[in-house]
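Chains as they are written, first to last, in our numbering: chain W, 134 to 350; chain E, 134 to 350. Below is one structure, written out as structure tokens; the observations come after it.
Number of protein chains: 2
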Amino acid sequence: MYTLSEENYLKSIYRLAQQPNFKITPTAIAESLGNNPASVVDMIRKLTEKQLIAYDKKKGVELTQQGLKDAVLIVRRHRLWEVFLLEKLGYHWDEIHDIAEELEHISNATLADRLDKFLGFPEYDPHGDPIPKANGKVPKPFSVTLTDLKMGESCRVAAVRDTSSSFLQYLQKLDIGIGTRIQLIEKISFDNSLVISISGKENTTVSQKFGENILID
Amino acid sequence: MYTLSEENYLKSIYRLAQQPNFKITPTAIAESLGNNPASVVDMIRKLTEKQLIAYDKKKGVELTQQGLKDAVLIVRRHRLWEVFLLEKLGYHWDEIHDIAEELEHISNATLADRLDKFLGFPEYDPHGDPIPKANGKVPKPFSVTLTDLKMGESCRVAAVRDTSSSFLQYLQKLDIGIGTRIQLIEKISFDNSLVISISGKENTTVSQKFGENILID
DNA sequence: TCATAAAATTAGTCTTGACTAATTATTTTA
DNA sequence: TAAAATAATTAGTCAAGACTAATTTTATGA
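This is the structure:
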């Protein structure tokens with residue numbers, strides 16, 4: 134289909150486009166890929182020529198219909214492989230992302246669909262992100278975070294926003310996974326820290342940033 | 134680990150080294166990869182510097198201990214993925230090679246071993262080639278072919294030598310797969326064609342070349 | 001053994017996708 | 001609004017890994 138690089142740019146642009154009202158600038162793409170902005174400008178030119186994106190100084194970068202379709206397919210593959218790695222091969226939460234980064238680029242007309250079937254058509258990946266369907270439809274993502282809870286309320290962890298391994302390892306340490314029950318005990322108004330009870334156990338304090346990265350049901 | 138290209142060269146050299154008494158020349162490598170000999174010379178230099186191969190004009194190219202170890206691992210990954218694609222995802226015999234060519238390059242310390250376990254530690258891949266073990270040991274390959282059968286004898290198909298999709302598709306047409314029973318009815322002395330009965334059905338005539346590519350038990 | 005063919009090698013080029021440094025645009029902010 | 005800061009872009013470079021064309025080595029066979 135496309136080169137490794139092209140696919141990574143498409144995916145990165147797709148991910149950035151998930152943030153509502155966010156203007157996708159060359160710098161933003163550069164940061165998300167760890168590349169130099171100059172390199173990004175080159176690739177923007179290339180992808181524009183291939184009609185996968187449109188770039189307008191005012192609006193920033195946008196995926197075209199074709200670009201969106203392709204990006205969604207890459208994300209679909211990534212998330213399906215994550216499910217495979219976790220459920221079938223027994224990897225941990227924080228190990229699967231990097232491997233899926235490589236697996237997602239394997240292109241074969243029916244691979245994603247066969248894998249999807251083999252896995253039982255999962256709707257969400259192990260990080261709770263929605264897995265695009267074969268027809269390109271994307272299940273609704275979770276959007277409420279821990280910080281939206283009211284005092285005393287409890288919830289189930291549905292997904293996480295940050296997927297860095299430092300965050301995922303922190304979660305592991307706190308014994309938090311998909312489905313874990315969390316109750317909000319107190320909000321510290323000084324810095325919006327959250328005092329929570331995990332699975333009914335003793336209270337733990339976490340930062341606002343932490344809370345914003347926990348999506349709940 | 135290494136670049137895509139480096140890995141492909143290693144694997145190609147390993148495959149060529151399987152043919153006994155075969156001198157691995159730049160031209161041979163070039164042909165097996167579909168590359169230009171000039172490109173091969175460049176890569177021979179590079180791999181020699183990395184101490185993965187040794188090149189001697191008299192002896193040709195040989196894998197060093199390290200090179201052999203790495204090549205075996207790549208072949209291990211390739212063959213394990215082939216088993217996965219056939220057994221778990223339901224691909225056909227002739228579709229899996231090309232996909233495994235991509236999957237084999239995914240490097241993660243434990244991926245091959247986890248996959249191996251998940252598949253039940255298979256000894257041979259769907260083409261009947263031995264799957265190197267985690268410790269680098271390679272199960273004994275099959276070495277007797279259809280042409281070694283005596284008149285009237287029958288056998289089981291254990292593997293195939295040629296893995297081109299034209300051959301594999303021909304096999305599919307003849308309804309021959311791993312495990313299929315074949316009886317030798319007659320050898321035509323003129324051109325060594327073989328008259329065989331597949332799974333006890335009516336007789337079929339195949340060429341000597343065909344027979345040499347069917348490994349049997 | 002010498003001429004010819006084949007193989008190996010060298011030299012130089014190309015493309016991809018990165019980079020740095022320099023320049024130009026655009027935002028901020030004082 | 002002008003100066004300063006930030007962002008975007010251009011120009012030029014680099015490495016990997018392929019190529020072609022030319023040259024040198026090595027084999028082969030008359």
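Heads up, the beta-carbon is just placed ideally off N, CA and C, and yes, glycines get one too. Just so we're clear, the structure is a prediction, and the values are computed from it rather than from any experiment.
Minimum Cβ-Cβ distance from residue 235 of chain E to chain W less than 9 Å: For the purposes of this step, residue 235 of chain E is taken as residue 102 along the second sequence, with counting starting at 1. Yes, its Cβ sits closer than 9 Å to a Cβ of chain W.
Residue 140 of chain W versus residue 284 of chain E: straight-line alpha-carbon distance, rounded: Along the first sequence, one-based indexing puts residue 140 of chain W at 7. Along the second sequence, one-based indexing puts residue 284 of chain E at 151. When rounded, the separation of the alpha-carbon atoms in residue 140 of chain W and residue 284 of chain E is 57 Å.
Minimum Cβ-Cβ distance from residue 324 of chain E to chain W less than 9 Å: Taking the first residue of the second sequence as 1, we reach residue 324 of chain E at position 191. By this cut-off, residue 324 of chain E is not an interface position.
Rounded Cβ spacing between residue 348 of chain E and residue 275 of chain E (contact assumed at less than 8 Å): Numbered from 1 along the second sequence, position 215 holds the residue referred to as residue 348 of chain E. Numbered from 1 along the second sequence, position 142 holds the residue referred to as residue 275 of chain E. The pair is a contact, with the Cβ atoms about 4 Å apart (cut-off 8 Å).
Residue closest to residue 199 of chain E, alpha-carbon to alpha-carbon, out of E:134, E:238, E:174: Stepping through the second sequence from its first residue, residue 199 of chain E is reached at position 66. When each option's Cα is compared against that of residue 199 of chain E, the closest is E:134.
Beta-ladder partner(s) of residue 141 of chain W, from DSSP: The residue given as residue 141 of chain W occupies position 8 in the first sequence. DSSP lists no partner for residue 141 of chain W.
Residues near residue 166 of chain W by beta carbon distance below 8 Å, same chain, minus five either side: For the purposes of this step, residue 166 of chain W is taken as the residue at position 33 of the first sequence. These residues qualify, in order along the chain: 141, 142, 145, 173.
Minimum Cβ-Cβ distance from residue 207 of chain W to chain E less than 9 Å: As a working mapping, residue 207 of chain W is identified with position 74 in the first sequence. Under the Cβ distance rule, residue 207 of chain W does not count among the residues neighbouring chain E, no pair being separated by less than 9 Å.
Residue from W:150, W:257, W:304, W:147 with nearest C-alpha to residue 220 of chain W: To locate residue 220 of chain W, count along the first sequence from 1; it is residue 87. Comparing Cα-Cα distances from residue 220 of chain W to each of W:150, W:257, W:304, W:147, the minimum goes to W:257.
Residue of W:179, W:294, W:319 minimising C-alpha distance to residue 77 of chain W: The structure shown has nothing for residue 77 of chain W, since chain W only spans 134 to 350.
Beta-carbon proximity check, residue 194 of chain W vs residue 177 of chain W, cutoff 9 Å: Along the first sequence, read from residue 1 onward, the residue named residue 194 of chain W stands at position 61. Along the first sequence, read from residue 1 onward, the residue named residue 177 of chain W stands at position 44. Yes. Within cutoff.
CB contact below 9 Å: residue 224 of chain E versus chain W: Translated into the one-based positions of the second sequence, residue 224 of chain E becomes position 91. Yes, its Cβ sits closer than 9 Å to a Cβ of chain W.
Straight-line gap, residue 297 of chain E to residue 229 of chain E (C-alpha atoms, nearest Å): As a position in the second sequence, residue 297 of chain E is number 164, starting the count at 1. As a position in the second sequence, residue 229 of chain E is number 96, starting the count at 1. Whole-angstrom Cα-Cα distance: 11 Å.
Contact under 9 Å by Cβ, residue 161 of chain E with residue 155 of chain E: Walking along the second sequence from the start, residue 161 of chain E turns up at place 28. Walking along the second sequence from the start, residue 155 of chain E turns up at place 22. Cβ atoms of residue 161 of chain E and residue 155 of chain E: closer than 9 Å.
is_contact[residue 213 of chain W, chain E] using C-beta, thresh 9 Å: The residue you call residue 213 of chain W lines up with position 80 of the first sequence. It does not; no Cβ of chain E falls within 9 Å.
CB-CB length for residue 292 of chain E against residue 262 of chain E, believed under 8 Å: Taking the first residue of the second sequence as position 1, residue 292 of chain E is located at position 159. Taking the first residue of the second sequence as position 1, residue 262 of chain E is located at position 129. Rounded, the Cβ-Cβ distance is 6 Å, consistent with contact.
Rounded separation between residue 302 of chain E and residue 266 of chain W - CA only: Within the second sequence, numbered from 1, the residue matching residue 302 of chain E stands at position 169. Within the first sequence, numbered from 1, the residue matching residue 266 of chain W stands at position 133. For residue 302 of chain E and residue 266 of chain W, the distance between alpha carbons rounds to 32 Å.
Test: residue 210 of chain E CB closer than 9 Å to a CB of chain W: For the purposes of this step, residue 210 of chain E is identified with residue 77 of the second sequence, where counting begins at 1. It does not: the Cβ of residue 210 of chain E has no partner Cβ on chain W nearer than 9 Å.
Inter-residue Cα distance where the pair is residue 346 of chain W and residue 278 of chain W: The residue given as residue 346 of chain W occupies position 213 in the first sequence. The residue given as residue 278 of chain W occupies position 145 in the first sequence. Distance between the alpha carbons of residue 346 of chain W and residue 278 of chain W: 7 Å.
Terminal residues of the beta strand (DSSP E) in which residue 320 of chain W lies: Translated into the one-based positions of the first sequence, residue 320 of chain W becomes position 187. Under the DSSP assignment, residue 320 of chain W falls in the beta strand (DSSP E) whose first and last residues are 314-321.
Any chain W beta carbon closer than 9 Å to residue 241 of chain E: Indexing the second sequence from 1 puts residue 241 of chain E at position 108. Judged by the 9 Å Cβ criterion, residue 241 of chain E is in contact with chain W.
DSSP-derived helix/strand/coil call for residue 193 of chain W: The sequence position of residue 193 of chain W within the first sequence is 60, counting from 1. Taken through DSSP and simplified to helix, strand or coil, residue 193 of chain W comes out as strand.
Alpha-carbon spacing of residue 234 of chain E relative to residue 240 of chain W, whole angstroms: Residue numbering aside, residue 234 of chain E sits at position 101 when the second sequence is read from its first letter. Residue numbering aside, residue 240 of chain W sits at position 107 when the first sequence is read from its first letter. Approximately 11 Å between the Cα atoms of the pair.
Neighbourhood of residue 305 of chain W by C-beta distance below 8 Å, restricted to the same chain and skipping five residues each side: For this step, residue 305 of chain W is matched to residue 172 along the first sequence. Only 225, 226, 227 meet the Cβ criterion.
CB-CB length for residue 321 of chain W against residue 288 of chain W, believed under 8 Å: As a working note, residue 321 of chain W is residue 188 in the first sequence. As a working note, residue 288 of chain W is residue 155 in the first sequence. Their Cβ separation, rounded to whole angstroms, is 19 Å, which puts residue 321 of chain W and residue 288 of chain W out of contact at 8 Å.
According to DSSP, residues forming a beta bridge with residue 257 of chain E: Taking the second sequence and counting its residues from 1, the one referred to as residue 257 of chain E is at position 124. Residue 257 of chain E pairs with E:263.
DSSP bridge partner residues for residue 187 of chain W (one or two, in chain order): What you label residue 187 of chain W is simply residue 54 of the first sequence in a count that begins at 1. Paired residue(s): W:195.
Coarse secondary structure for residue 172 of chain W, derived from DSSP in three states: For the purposes of this step, residue 172 of chain W is taken as residue 39 along the first sequence, with counting starting at 1. Here DSSP, grouped into helix, strand and coil, assigns residue 172 of chain W to helix.
Classification of residue 217 of chain W by the beta-carbon crowding that lies within 10 angstroms, buried from 16 upward: The residue labelled residue 217 of chain W in the question sits at position 84 within the first sequence. Residue 217 of chain W comes out buried.
Any chain E beta carbon closer than 9 Å to residue 149 of chain W: Here residue 149 of chain W refers to the residue found at position 16 of the first sequence. By this cut-off, residue 149 of chain W is not an interface position.
Residue 207 of chain E - DSSP class collapsed to helix/strand/coil: As a working mapping, residue 207 of chain E is identified with position 74 in the second sequence. Three-state result, residue 207 of chain E: helix.
Where the segment 242-264 of chain E meets chain W: residues whose CB sits under 7 Å from a CB there: From the segment 242-264 of chain E, only 244, 247, 248, 251 have a Cβ closer than 7 Å to chain W.
Under 9 Å between C-beta atoms of residue 150 of chain W and residue 196 of chain W: For the purposes of this step, residue 150 of chain W is taken as the residue at position 17 of the first sequence. For the purposes of this step, residue 196 of chain W is taken as the residue at position 63 of the first sequence. Taking the C-beta atoms as reference points, residue 196 of chain W is found nearer than 9 Å to residue 150 of chain W.
Below-9 Å beta-carbon distance, residue 144 of chain W vs any chain E residue: Here residue 144 of chain W corresponds to residue number 11 of the first sequence, with the count starting at 1. No, its Cβ sits nowhere closer than 9 Å to a Cβ of chain E.
Presumed contact (8 Å Cβ cut-off) between residue 259 of chain W and residue 311 of chain W, rounded CB distance: Locating residue 259 of chain W in the first sequence gives position 126, where the first residue counts as 1. Locating residue 311 of chain W in the first sequence gives position 178, where the first residue counts as 1. With 8 Å as the limit, residue 259 of chain W and residue 311 of chain W qualify as a contact, their Cβ atoms being about 7 Å apart.
Run of the beta strand (DSSP E) containing residue 349 of chain W, from where it starts to where it stops: For this step, residue 349 of chain W is matched to residue 216 along the first sequence. Where residue 349 of chain W is concerned, the enclosing beta strand (DSSP E) stretches over 347-349.
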